[in-house]
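Protein chains in written order, with the numbering used here: chain A, 1 to 266; chain B, 267 to 309.
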């Protein structure tokens with residue numbers, strides 16, 4: 001028999017293992033946030049801060065990228081596309097990284113909010129992956145002379161977009177048939193194998209896409225071009241976080257409505 | 267090749283997509299939380 005979690009009604013955990021609030025709080029600080037009331041107390045103010053600080057940094061980063069940063073000596077004016085392309089690529093990959101971590105937390109530690117967090121990251125991750133592909137194509141036409149090439153980086157990024165679509169479809173199908181979300185979580189974890197493939201694709205298959213310009217050791221980009229890029233990347237990341245929090249709050253509210261409706265129907 | 271139309275296209279697509287997702291996510295959250303609040307007030 002499947003019993004709903006006492007905390008989040010749509011996260012199904014088998015019988016005796018269904019967590020109660022007290023049992024979750026005993027499991028340590030990570031599970032303390034499994035209490036939606038506690039999570040919402042933190043998420044509500046953070047949503048607004050992340051959103052508006054993100055919008056401000058995006059405006060500064062893109063404004064500086066368009067009007068302050070100089071053109072590149074090799075790429076010319078088309079380098080300005082990197083101020084939207086690089087944040088999109090980062091968020092497409094980071095989004096799946098987040099899904100993988102949340103899936104692991106769901107499968108191993110049975111954290112009830114982990115499934116909600118993973119699903120909340122899927123649509124924004126898919127959007128930014130699509131925007132990375134579109135802005136990359138628009139950069140490729142004036143720079144490489146083509147919108148698309150079956151290059152290692154471009155192809156692995158396209159695979160990531162299809163993985164997102166499959167994840168969204170799987171999560172939706174599993175939710176409709178009242179599943180536990182385990183298959184979706186396993187898919188989220190297995191799909192993470194594509195992230196190092198994307199990262200190392202420019203080293204493994206030296207084709208058209210340039211290598212990494214920013215690494216842990218530093219950057220080969222001139223500071224006048226680099227700072228707007230970092231500002232816009234931080235801005236888009238904060239906006240992404242705000243969207244994830246909004247979607248998590250939506251899922252929690254819908255779960256509460258559903259639970260209330262079930263109680264009223266009994 | 268003039269890169270300006272490509273730059274405009276990349277910025278327009280990114281800003282339109284991001285704004286649309288932000289608005290849709292906010293509206294969904296606001297509607298769901300409003301309904302939860304209404305249900306809580308009902309006896």
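Beta carbons are placed, not taken as given, at the ideal position from N, Cα and C, and that holds for glycine.
These numbers were taken from a predicted model, which means no experiment stands behind them.
Short CB-CB distance (under 8 Å) between residue i and chain A
{"i": "residue 289(B)", "result": "no"}
Rounded C-alpha distance that separates residue i from residue j
{"i": "residue 121(A)", "j": "residue 196(A)", "result": "19 Å"}
{"i": "residue 99(A)", "j": "residue 116(A)", "result": "10 Å"}
{"i": "residue 299(A)", "j": "residue 213(A)", "result": "The structure shown does not extend to residue 299(A), since chain A spans only 1 to 266, so no value can be given for it."}
{"i": "residue 209(A)", "j": "residue 70(A)", "result": "22 Å"}
{"i": "residue 216(A)", "j": "residue 306(B)", "result": "50 Å"}
{"i": "residue 46(A)", "j": "residue 40(A)", "result": "9 Å"}
{"i": "residue 291(B)", "j": "residue 211(A)", "result": "35 Å"}
{"i": "residue 308(B)", "j": "residue 282(B)", "result": "39 Å"}
{"i": "residue 102(A)", "j": "residue 280(B)", "result": "26 Å"}
{"i": "residue 156(A)", "j": "residue 246(A)", "result": "29 Å"}
{"i": "residue 67(A)", "j": "residue 300(B)", "result": "42 Å"}
{"i": "residue 149(A)", "j": "residue 158(A)", "result": "11 Å"}
{"i": "residue 201(A)", "j": "residue 153(A)", "result": "5 Å"}
{"i": "residue 175(A)", "j": "residue 303(B)", "result": "24 Å"}
{"i": "residue 42(A)", "j": "residue 249(A)", "result": "11 Å"}
{"i": "residue 228(A)", "j": "residue 221(A)", "result": "11 Å"}
Coarse secondary structure for residue i, derived from DSSP in three states
{"i": "residue 297(B)", "result": "helix"}
{"i": "residue 175(A)", "result": "helix"}
{"i": "residue 212(A)", "result": "coil"}
{"i": "residue 15(A)", "result": "Bear in mind that the predicted position of residue 15(A) carries a pLDDT of just 38, short of 50, making it unreliable; the figure below should be weighed with that in mind. DSSP places residue 15(A) in helix when its eight states are reduced to three."}
{"i": "residue 92(A)", "result": "helix"}
{"i": "residue 220(A)", "result": "coil"}
{"i": "residue 65(A)", "result": "helix"}
Exposed unless 16 or more other CB atoms sit within 10 angstroms - verdict on residue i
{"i": "residue 106(A)", "result": "buried"}
{"i": "residue 297(B)", "result": "exposed"}
{"i": "residue 223(A)", "result": "exposed"}
{"i": "residue 193(A)", "result": "exposed"}
{"i": "residue 262(A)", "result": "exposed"}
{"i": "residue 190(A)", "result": "exposed"}
{"i": "residue 114(A)", "result": "buried"}
{"i": "residue 270(B)", "result": "exposed"}
{"i": "residue 286(B)", "result": "exposed"}
Closer than 8 Å to chain B by CB, residue i
{"i": "residue 88(A)", "result": "yes"}
{"i": "residue 76(A)", "result": "yes"}
{"i": "residue 85(A)", "result": "yes"}
{"i": "residue 93(A)", "result": "no"}
{"i": "residue 217(A)", "result": "no"}
{"i": "residue 230(A)", "result": "no"}
{"i": "residue 131(A)", "result": "yes"}
{"i": "residue 246(A)", "result": "yes"}
{"i": "residue 239(A)", "result": "yes"}
{"i": "residue 96(A)", "result": "no"}
{"i": "residue 249(A)", "result": "yes"}
{"i": "residue 139(A)", "result": "yes"}
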